[in-house]
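Counting in the working numbering, the sequence shown tops out at residue 362, every number present. Glycine residues also receive a C-beta, built at the ideal position from the N, C-alpha and C atoms.
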Amino acid sequence: MKNKLYINGIASISAQAGNAVFSDSIAEYHQNIIPAIAPNYKEFITATALRRMSGAIKMGLTAAKIALKDAGTSMPDAIITGTGQGCQQDTEKFLKAMLVQNEAFVSPTAFIQSTHNTVGGQIALNLKCRAYNVTYTQNSGSLESALIDVQLQFLEQPVPETILVGGVDEISEKITSFLYLDGQLKQEETYNLDLFKTGSPGSITSEGAHFFSISSVKSSETYAGLLDVLVFNSNTSEEVSERINRFLKENHLTEDAIELVILGNNGDSRYDHFYTPLQDEIFRNKTQLGYKHLVGDYNTVSGYAVWLACNILKNGEIPEICKLNSVPIEKPKNILIYNQYLGENHSIILLSSR
């Protein structure tokens, strides 16, 4: 039986600065590849170490430290990381060096730092944490897979006190541009706030890191309860609706218990139809939010949706810029997050109020 877990600390680094989504200071972009807005990394990482770090490592380590500080915790009992692409910048750097130097006398440093588990390893080294440390790289289900592992860890004995979990992905000059070749990015430069109006194939992409401090103990500062997580494969929107209904039933909930849904619409005309039955049927009378027009789409972007949901559940404020419909709501008790990637990989995350 799954235990109810509590998210006591959160952190997000994305294409939107801090809590901009809850204010009028939304960053606007007219491009398809959007860099994250960097915080002051020197507050969390020494200048010497910063010079040797790729974007993913800087974002991941900083977000991890912010989440732990937010929860009032200095040392987690486990570090679980999700990443779809790993450290692309170091991968690209190593491949370029191989070409330039004709595969001779290539420094191994970039290769060593290009592995997917580099971020989790760097967090552990910085915190001097020798506990359980695992990285999941399951495409768009990477963060969700990490969250499922969190659930499993709290079923073990002895029960951990705190687990640090998060997702991180970065953009790079060449590898990210390959997304144009298979149509994952729109061919025309896109104004991000008009993403859902484009009606064309492809989307926009970005980078970010989203980390959470999770415990089985509720505190006065708890943001939300993590009820359940599911990843699955499907090729039809009908099956998605069936799986969501079954998922809710397994958690002893009905559709009526969900007051707010956060959907992963990304403006891709080929796949956004997966969200249509949810918006027009199952959750037609529920408040619906989108977020990828603000922070782009990438493998672990659902972490931003979790961060968004945590703030909503704790503070009750619904950002207007995210609303996909006009159904009114006060302070929701249960939030369902649904995301799909290229019409095949799907995930559901269920959060509740404290």
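Between tyrosine 144 and glycine 68, the CB-CB gap reaches or exceeds 7 angstroms. In this chain, the beta strand (DSSP E) harbouring isoleucine 356 covers 353-360. Separation of arginine 254 and glutamine 96 (C-alpha to C-alpha, rounded to the nearest whole angstrom) is 37 angstroms. Here DSSP, grouped into helix, strand and coil, assigns glycine 94 to coil. According to DSSP, residue pairing for asparagine 125 in a beta bridge does not occur.
The C-alpha of asparagine 125 lies about 7 angstroms from the C-alpha of glycine 94.
Annotated as distal: serine 360 and glycine 210, with beta-carbon spacing of 7 angstroms or more. Restricting attention to beta strand (DSSP E) runs no shorter than 3 residues, the stretch 243-283 encloses them at 268-271, ordered along the chain. When C-alpha distances from alanine 217 are compared across Arg138, Tyr349, Val269, Gly175, the shortest belongs to Gly175.
Just so you know, the alpha carbons of valine 314 and asparagine 110 end up roughly 45 angstroms apart.
Contact annotation: the stretch 128-137 touches the stretch 78-87, with at least three C-beta pairs closer than 8 angstroms.
The residues Glu36, Tyr37, His38, in chain order, have a CB closer than 8 angstroms to that of tyrosine 199 in the same chain once the five nearest residues on each side in sequence are set aside. Counted as a single uninterrupted DSSP element, the alpha helix (DSSP H) harbouring aspartate 157 occupies residues 150-161. If you look at leucine 172, you'll find it in the beta strand (DSSP E) that goes 170-177. Relative to aspartate 276, the option among Gln192, Ser224, Phe186, Val335 whose CA is nearest is Gln192. Per DSSP, reduced to three states, the secondary structure at glycine 311 is helical.
Counting the other CB atoms within 10 Å of its CB gives proline 166 a total below 16, which places it among the exposed residues. By the beta-carbon neighbour count (other beta carbons within 10 angstroms, threshold 16), glutamine 348 is buried. Rounded to whole angstroms, serine 180 and aspartate 264 show a C-alpha spacing of 43 angstroms.
The shortest C-alpha to C-alpha distance from isoleucine 222 to any of Leu261, Leu187, Phe291, Leu160 is the one to Leu160. With distances taken between CA atoms, serine 245 lies nearest to Glu352 out of Leu235, Ala71, Glu352.
Less than 7 angstroms divides the Cβ of phenylalanine 102 from the Cβ of alanine 118. The three-state reading of DSSP puts phenylalanine 291 in coil, since its state is none of H, G, I, E or B. For leucine 235, there is no enclosing alpha helix (DSSP H); the residue is found in the beta strand (DSSP E) stretching over 232-241.
Nearest Cα to glutamate 289 within the set Glu152, Asn307, Glu250, Ile320: Glu250. Here DSSP, grouped into helix, strand and coil, assigns lysine 341 to coil.
Serine 355 counts as buried, since at least 16 other C-beta atoms from the protein chains shown sit within 10 angstroms of its C-beta. With contacts defined by Cβ atoms closer than 7 angstroms, valine 303 and serine 33 do not form a contacting pair. Taking a cut-off of 8 angstroms on C-beta distances, the stretch 52-66 does not touch the stretch 337-347, as fewer than three cross pairs fall below it.
Annotated three-state conformation of serine 20 is strand, per DSSP. Between the alpha carbons of valine 29 and glutamate 328 lies a distance of about 8 angstroms. Cα atoms of valine 335 and glutamine 296: separation of roughly 8 angstroms, rounded to the nearest angstrom.
Here leucine 268 is actually not in contact with glycine 298; their C-beta atoms are around 12 angstroms apart, not less than 8 angstroms.
Distance from the CA atom of alanine 25 to the CA atom of glycine 92, rounded to whole angstroms, is 22 angstroms.
In this structure, leucine 187 and threonine 170 do not form a Cβ contact; the two beta carbons are roughly 36 angstroms apart against a cut-off of 8 angstroms.
A direct Cα-to-Cα measurement between asparagine 243 and glycine 207 gives close to 21 angstroms.
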